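Participant:
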Amino acid sequence: MNQYEHLIKYKKLEVINTAIQMNLKVGGVVAICAIFASALKALSGRQALLSMTLLLVANLKLSEKISFVLGFGGALYGYRQRRLRGTVIEMMSEHQRKLEQTPDPRRSSSEITPKGTTRPDDRSLE
Amino acid sequence: MAVEIMKSSIALFFSRAFVYSCYRDYRPDLFRVEVFPISGELFEYAASGALPFDSSAYRLLRKYMNDVIRYVHALTFSRFIVSYSPSAVYPNSTKNAVEEWGEALAEIESSEVLNRLNALHNRAARVIAGQIFNRLMKNFHISLI
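Shown next, in the form of structure tokens:
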């Protein structure tokens, strides 16, 4: 078996692997939607969509409301901190690159974005 | 009962969204924060004059760290198995990374430099193993949800 046949075999395994991962990812969301839809079906005919939403919100206990607010607040706080960190990395990385290129002109780079995140064209490998 | 189911499914949906968007981006960031200092230490070691910048061991280790920093989001247990199994089945078909690293180290005469490079390489390898394990655990937790 030559190297090209071997690479084709590797690519096939990679495709199968990606398909399994994608199925797990999408399958979970589909299952959740199906559960939600079945609950919605049980209420349909008796409740209008607006009253159903109100029913859902009104049925939330105080502790659940606090949990939702804290959850969303935490996620928002994390997102803003992440953006801030990206800005700081962007400011510092260029300076470091210049400093390192002085003794090593052939300095290699990881080629991630200046903010230290994955390149958009590399995301397809995820 | 139906309202309870709806509430649970909304909570489940947001937990999954959290894992697949927030945590998905957090793990590579954490990995990069752990690998960048090792890469920086390697640079400083070479800058101190202990190791030439154009030596194959330096270039190889630097490339190795740059590659994992760039492609950390694609580093999964299944991919690790898939990418390593062909080289075990067809040993002559691809260049073995371990052999390549061994060849680069063979060019170094000083045992102190050799030990330091091996230590840096092993630290990076431990971080990679941790990343693969954590990602596997994340998928396991999701399947439990």
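Taken in sequence, the protein lines are chains P and G.
Residue 162 is where the first sequence starts when you use this note's numbering, and the numbers rise one by one after that.
Residue 3 is where the second sequence starts when you use this note's numbering, and the numbers rise one by one after that.
Glycine included, every Cβ here is placed at the ideal spot set by N, Cα and C.
Here the structure is a predicted model, which means the values were calculated and not measured.
1. Report yes or no: do three or more beta-carbon pairs, one from the segment 265-273 of chain P and one from the segment 230-246 of chain P, lie closer than 8 Å?
2. For Ser-228 (chain P), which three-state DSSP category applies?
3. Please go through the same chain and pick out, in chain order, the residues whose beta-carbon is closer than 8 Å to the beta-carbon of Ser-58 (chain G), but skip the five residues on each side of it.
4. According to DSSP, is Ser-58 (chain G) helix, strand or coil?
5. Could you name the residues of chain G that Lys-186 (chain P) contacts, counting a contact when the two beta carbons are closer than 8 Å?
6. How close, in whole Å, do the beta carbons of Leu-204 (chain P) and Met-213 (chain P) come, if the pair is a contact with beta carbons under 8 Å?
7. Short of 9 Å Cβ to Cβ, which residues in the segment 237-269 of chain P face chain G?
8. Which value, in whole angstroms, describes the spacing of the CA atoms of Thr-263 (chain P) and Val-35 (chain G)?
9. Is Ser-50 (chain G) helix, strand or coil by DSSP?
10. Check whether the Cβ atoms of His-75 (chain G) and Pro-30 (chain G) lie closer than 8 Å to each other.
11. Return the residue from the list P:Thr-248, P:Lys-172, P:Leu-217 that minimises the CA-CA distance to Ser-10 (chain G).
12. Out of P:Arg-246, P:Gly-189, P:Arg-284, P:Ser-224, which has the shortest C-alpha to C-alpha gap to Pro-275 (chain P)?
13. If you measure from the beta carbon of Ser-224 (chain P) to each beta carbon in chain G, is any gap under 8 Å?
14. Do we get a CB-CB distance below 8 Å when we pair Tyr-190 (chain P) with the residues of chain G?
15. From Met-67 (chain G) to Thr-278 (chain P), what does the alpha carbon distance come to, in whole angstroms?
16. Straight-line CA distance for Thr-248 (chain P) to Gln-257 (chain P)?
17. Report buried or exposed for Arg-284 (chain P), applying the criterion of at least 16 other Cβ atoms within 10 angstroms of its Cβ.
18. Does the beta-carbon distance from Phe-45 (chain G) to Glu-261 (chain P) come in below 8 Å?
19. So is Val-100 (chain G) in contact with chain P if we call contact Cβ pairs under 8 Å?
20. Give a yes or no on whether 8 Å exceeds the smallest Cβ distance from Gly-277 (chain P) to chain G.
21. Less than 8 Å between CB atoms is the rule here; does Lys-65 (chain G) satisfy it with respect to chain P?
22. Which residues in chain G sit within 7 Å of Ser-271 (chain P), going by Cβ to Cβ distance?
23. Flag Ser-58 (chain G) as yes if its beta-carbon sits less than 8 Å from any beta-carbon of chain P, otherwise no.
24. Could you check whether Leu-138 (chain G) and Glu-43 (chain G) sit closer than 8 Å to each other, using their CB atoms as the reference points?
25. Against Ile-196 (chain P), what residues of chain G qualify as contacts under a CB-to-CB distance less than 9 Å, listed in chain order?
26. Apply the 10 Å Cβ neighbour rule to Ser-41 (chain G) and answer buried if 16 or more other Cβ atoms are within range, or exposed otherwise.
Facilitator: By the coordinates alone:
1. no
2. helix
3. Glu-105, Ala-106, Glu-109
4. helix
5. From the beta-carbon of Lys-186 (chain P), the residues of chain G found nearer than 8 Å are Tyr-22.
6. 6 Å
7. Gly-239, Tyr-240, Arg-243, Arg-246, Gln-257, Glu-261, Pro-264, Asp-265, Pro-266, Arg-267, Arg-268, Ser-269
8. About 24 Å.
9. coil
10. yes
11. P:Leu-217
12. P:Arg-246
13. no
14. For clarity, residue 190 (chain P) is Val in the given sequence; the question names Tyr instead. Answer yes: the Cβ-Cβ gap between Val-190 (chain P) and chain G drops below 8 Å somewhere.
15. 15 Å
16. 15 Å
17. Exposed.
18. Cβ atoms of Phe-45 (chain G) and Glu-261 (chain P): closer than 8 Å.
19. no
20. yes
21. Proximity of Lys-65 (chain G) to chain P, defined by a Cβ-Cβ separation below 8 Å, is satisfied.
22. Asn-68, Ile-71, Arg-72
23. It does not: the Cβ of Ser-58 (chain G) has no partner Cβ on chain P nearer than 8 Å.
24. Going by C-beta atoms, Glu-43 (chain G) is not nearer than 8 Å to Leu-138 (chain G).
25. Ile-7, Met-8, Ser-10, Ser-11, Leu-14
26. buried
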